[in-house]
Amino acid sequence: AFSYRCKLMLVGPGGAGKTTLVARLMHGDFRPDLGATDGLGVHEWALPLPSPDQQRAAEADDGGKMSFSLWDFGGQDVYYSTHAFFMARRAVYLVLWRSRDDQELGGLREYLARIQALAPGAPMVLVGTNAGEKTEAGRGVYRPTQPPAALFADFPQLHPEAMFVSSKTGYGVGRLSEVLLAVAVAQPGTGERLPGYIVKLREEVRRARVLLAPGAEPLMPYDKYEAHGGFGEACGSADFGDLLHFSSVPGLEDAIVLRPQWVAEVMSRVVTVDDFKLRQLLVPGGAAGGGGGRVSKAALLKVRG
Numbered sequence: 001a002f003s004y005r006c007k008l009m010l011v012g013p014g015g016a017g018k019t020t021l022v023a024r025l026m027h028g029d030f031r032p033d034l035g036a037t038d039g040l041g042v043h044e045w046a047l048p049l050p051s052p053d054q055q056r057a058a059e060a061d062d063g064g065k066m067s068f069s070l071w072d073f074g075g076q077d078v079y080y081s082t083h084a085f086f087m088a089r090r091a092v093y094l095v096l097w098r099s100r101d102d103q104e105l106g107g108l109r110e111y112l113a114r115i116q117a118l119a120p121g122a123p124m125v126l127v128g129t130n131a132g133e134k135t136e137a138g139r140g141v142y143r144p145t146q147p148p149a150a151l152f153a154d155f156p157q158l159h160p161e162a163m164f165v166s167s168k169t170g171y172g173v174g175r176l177s178e179v180l181l182a183v184a185v186a187q188p189g190t191g192e193r194l195p196g197y198i199v200k201l202r203e204e205v206r207r208a209r210v211l212l213a214p215g216a217e218p219l220m221p222y223d224k225y226e227a228h229g230g231f232g233e234a235c236g237s238a239d240f241g242d243l244l245h246f247s248s249v250p251g252l253e254d255a256i257v258l259r260p261q262w263v264a265e266v267m268s269r270v271v272t273v274d275d276f277k278l279r280q281l282l283v284p285g286g287a288a289g290g291g292g293g294r295v296s297k298a299a300l301l302k303v304r305g
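Terminal number for the sequence shown in full-length UniProt numbering: 305, no gaps in between.
Now the structure itself:
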């Protein structure tokens with residue numbers, strides 16, 4: 001089998017349209033009723049490969065397609081510190097901003113610098129949302145404000161063309177898909193034949209997910225993972241979005257997370273802007289507004305439940 005898989009990370013301020021863009025890419029329509037992402041959402045998406053080598057494309061992991069693991073990061077400030085847990089070097093980063101709000105252009109550098117620090121060398125693509133919607137409403141010709149040229153000079157891994165899209169109208173989404181496919185195919189290791197033991201290892205991971213009992217934590221002891229031939233491959237599989245392994249976090253280094261979304265769900269029970277979750281966590285009788293920011297021990301013990 002050949003490897004045609006890419007981890008695609010969407011970051012940007014709250015309300016930039018990351019979740020609606022994911023829906024447009026995956027389903028081809030506009031879903032305005034989607035709420036803000038509480039923490040992180042992980043989804044699967046695929047595009048047909050443009051490879052001239054049809055035999056190689058047919059032998060790809062996803063049957064002639066480039067498969068993407070889409071990671072939709074919550075943009076509210078409270079989630080910002082959690083992003084580092086999930087960033088990977090072998091990923092493509094989409095940095096979104098509202099193209100009708102020129103003030104958000106000033107925040108792009110901070111996102112790009114953070115990605116560069118946590119995932120050195122990873123390719124990045126700037127995406128302006130809500131593009132062309134004024135034109136649709138009959139308010140004149142749409143002329144987007146381009147990001148500062150200095151950004152492209154200072155971040156060489158930044159795609160040289162900023163994308164402008166509208167999840168509402170579909171404007172620019174086709175072009176964005178073309179660019180994402182081209183960037184993903186150009187990544188080191190893409191299109192290379194996978195060793196037999198890696199193919200077997202991925203099958204074992206998929207089988208382990210299927211065999212999980214309802215409500216069970218999607219964890220595999222690292223020594224069991226090694227027994228399946230996964231020694232030294234956890235980081236690579238994590239970069240592709242198949243699993244997570246926190247090798248440098250004390251207490252977590254001996255466990256493999258088979259379903260990355262589960263970690264996001266656990267974290268969102270503590271790091272959240274959801275009013276209901278906050279009421280469950282805050283200590284009763286605290287300062288006005290609920291608990292003065294203090295979290296009860298009992299509430300924390302229920303986080304995994």
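Every residue gets a Cβ at the ideal spot worked out from N, C-alpha and C, and that includes glycine.
Between Trp262 and Ser99, what straight-line distance do the alpha-carbon atoms span, to the nearest angstrom?
Approximately 33 Å, taken between the alpha carbons.
How many angstroms separate the CA atom of Ala16 from the CA atom of Ala227?
The alpha-carbon atoms of Ala16 and Ala227 are separated by roughly 44 Å.
For a test of your reading of the model: does the CB of Gly251 fall under 8 Å from any non-hydrogen atom of the ligand SAH? Yes or no.
Annotation note on the ligand SAH: not contained in the displayed structure, which lists no ligands.
At what residues does the alpha helix (DSSP H) containing Val93 begin and finish?
Checking the sequence, you will find Tyr at residue 93 rather than Val. Note, Tyr93: premise wrong, no alpha helix (DSSP H); beta strand (DSSP E) at 91-98.
Between the Cα of Lys149 and the Cα atoms of Arg109, Ile115, Ser177, which residue gives the shortest distance?
Residue identity differs from the one stated: residue 149 is Ala in this sequence, not Lys. Answer by Cα proximity: Arg109.
Going by the CB atoms, is the gap between Ser3 and Thr190 shorter than 9 Å?
Against a cut-off of 9 Å, the Cβ pair of Ser3 and Thr190 comes out as a contact.
Where DSSP assigns a beta bridge to Asp102, which residues make up the other side?
None, per the DSSP bridge assignment.
In three-state DSSP terms, what is Ala16?
Residue state, collapsed to three classes: coil.
Looking at the structure shown, is Ser167 part of a helix, part of a strand, or coil, going by DSSP?
Correct three-state label for Ser167: coil.
Distance, Cα to Cα, Val22 vs Tyr111?
Going by the C-alpha atoms only, they are around 19 Å apart.
Give the single residue among Ala216, Gln116, Arg202 whose Cα lies nearest to the Cα of Leu243.
Selected option, being the one with the closest Cα: Arg202.
By alpha-carbon positions, which one of Ile115, Pro260, Met163 ends up nearest to Arg206?
Nearest option by C-alpha distance: Pro260.
Taking the straight line between their C-alpha atoms, what separation do you get for Gln103 and Pro13?
C-alpha separation (whole angstroms): 12 Å.
Hey, how far is the Cα of Leu180 from the Cα of Glu253?
Approximately 32 Å between the Cα atoms of the pair.
Consult DSSP for His43 and reduce its assignment to one of helix, strand or coil.
Strand.
For a test of the three-state rule: what should DSSP assign to Gly196, helix, strand or coil?
DSSP places Gly196 in helix when its eight states are reduced to three.
Any idea if Lys18 is buried or exposed, counting beta-carbon neighbours within 10 angstroms, 16 or more meaning buried?
That one is buried.
Give the range of the beta strand (DSSP E) segment to which Ala255 is assigned.
255-257 is the span of the beta strand (DSSP E), which, as asked, contains Ala255.
Could you check what DSSP says for Met124 in three-state terms: helix, strand or coil?
Strand, per DSSP.
If you compare alpha carbons, which of Pro144, Ser167, Tyr171, Ala182 is closest to His159?
Looking at the Cα atoms, Ala182 is the closest of the given residues.
Who are the near neighbours of Phe231 in its chain, counting only those whose CB is closer than 6 Å to its CB and skipping five residues on each side?
In this prediction, Phe231 has a pLDDT of 47, which is less than 50 and means its spatial position is unreliable; nothing more can be read from the coordinates.
Tell me the residue span of the alpha helix (DSSP H) that contains Phe152.
Note, Phe152: alpha helix (DSSP H), 149-154.
Tyr222 and Ala255: beta carbons closer than 9 Å?
Yes; because the gap between Cβ atoms is below 9 Å, this pair is in contact.
What is the residue span of the alpha helix (DSSP H) that Leu212 lies within?
It is not in any alpha helix (DSSP H) - Leu212 carries neither H nor E in the DSSP assignment.
Pick helix, strand or coil for Ser69, following the three-state DSSP scheme.
Three-state DSSP puts Ser69 in a strand.
According to DSSP, is Val283 helix, strand or coil?
Low confidence applies to Val283: its pLDDT is 48, below 50, so where it sits in the model is not reliable, and the reading given next is rough at best. In the structure shown, Val283 sits in coil (DSSP, three-state: anything other than H, G, I, E or B).
Alpha carbon to alpha carbon, what distance is there between Leu25 and Thr196?
For the record, residue 196 in the displayed sequence is Gly; it is not Thr. Approximately 32 Å between the Cα atoms of the pair.
State the Cα-Cα distance for the pair Val257 and Tyr142, rounded to the nearest angstrom.
If you take the alpha carbons of Val257 and Tyr142, they lie about 45 Å apart.
Between which two residues does the alpha helix (DSSP H) containing Leu181 stretch?
From DSSP, the alpha helix (DSSP H) with Leu181 extends over 173-185.
Is DSSP giving Phe85 helix, strand or coil here?
Three-state result, Phe85: helix.
Any idea if Val125 is buried or exposed, counting beta-carbon neighbours within 10 angstroms, 16 or more meaning buried?
Burial call: buried.
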